[in-house]
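Scroll down for the structure; my scribbles are underneath it.
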Amino acid sequence: MAEVYDEFDDLEMAEDDETEEGKYLTFNLDTEAYGLEITYVTEIIGIQKITEVPELPEYVKGIMSLRGQIIPVVDVRLRFGKPARSYDERTCVIVVEIADITVGLIVDGVTEVVAIPAEEIVPHPDLDESDSRQFVKGIGKVGTSVKLILDCHKLLTDDEGENPDREIGY
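If you're matching positions, the sequence shown starts at 7 in this note's numbering and goes up one per residue.
Encoded structure:
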């Protein structure tokens, strides 16, 4: 696990979007592989102490302190309507930032950073009506495997379009 953190830390993140364009941080939920655009990812940390906040959607696990900044934490597994699972040493929090809002995403495990050219991403077929489908903006082909590419904006808003940060009051 540490080697994944190190790989992410060692990744040269240039300021211009051209360097980051087409790169995705991949992670797993059970046997499914997902990808998030690297431009949204600020860091990856191990699971931390989470303080529960009452009256939030089940998938918003609460808040945590990240170097003094209080951020909401979303369990992606629950967000997708999957059954809860105990956190273990592989469980990670992917810290993302969109439009000056920082949120922690709990995932089963981070795998790698991959480059997926735009022409290797195809639309998600309308084969099912799963809860997670609404968050998938495409399917990326990586060698002989596929990664479900997530729409980070949709992932971080609730069904009414509210952001977990705003629900908590930050």
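Note that the Cβ used here is the ideal one computed from N, Cα and C, for glycine as well.
Secondary structure at residue 46: helix, using DSSP grouped into helix, strand and coil. Here residue 72 carries a strand assignment [DSSP, helix/strand/coil]. When 51, 108, 29, 77 are compared, the shortest CA-CA separation from residue 116 is found for 51. Residue nearest to residue 37 within the set 146, 152, 163, 140 is 152 (criterion: CA-CA distance). Between residue 108 and residue 62, the gap from beta carbon to beta carbon reaches 9 Å or more. The beta-carbon separation of residue 119 and residue 31, rounded to 6 Å, stays under the 8 Å limit for a contact. Distance from residue 47 to residue 65 at the Cβ level is roughly 19 Å; contact not present, criterion being Cβ atoms closer than 8 Å. If the five residues before and after residue 83 are omitted, its C-beta is found closer than 6 Å to the C-beta atoms of 35, all from its own chain and listed in chain order.
In this structure, 141 is the residue among 141, 148, 150 with its C-alpha nearest to the C-alpha of residue 160.
Sequence-distant Cβ neighbours of residue 40 in its own chain, meaning closer than 7 Å and more than five residues away, are 32, 33, 153, 154, 156. Residue 88 sits away from residue 70, with the two beta carbons spaced by 9 Å or more. With a cutoff of 9 Å on beta-carbon distance, residue 44 and residue 93 are scored as not near each other. Scanning 150, 146, 122 for the CA closest to the CA of residue 131 turns up 146. Rounded to whole angstroms, the separation of the alpha carbons of residue 78 and residue 60 is 13 Å.
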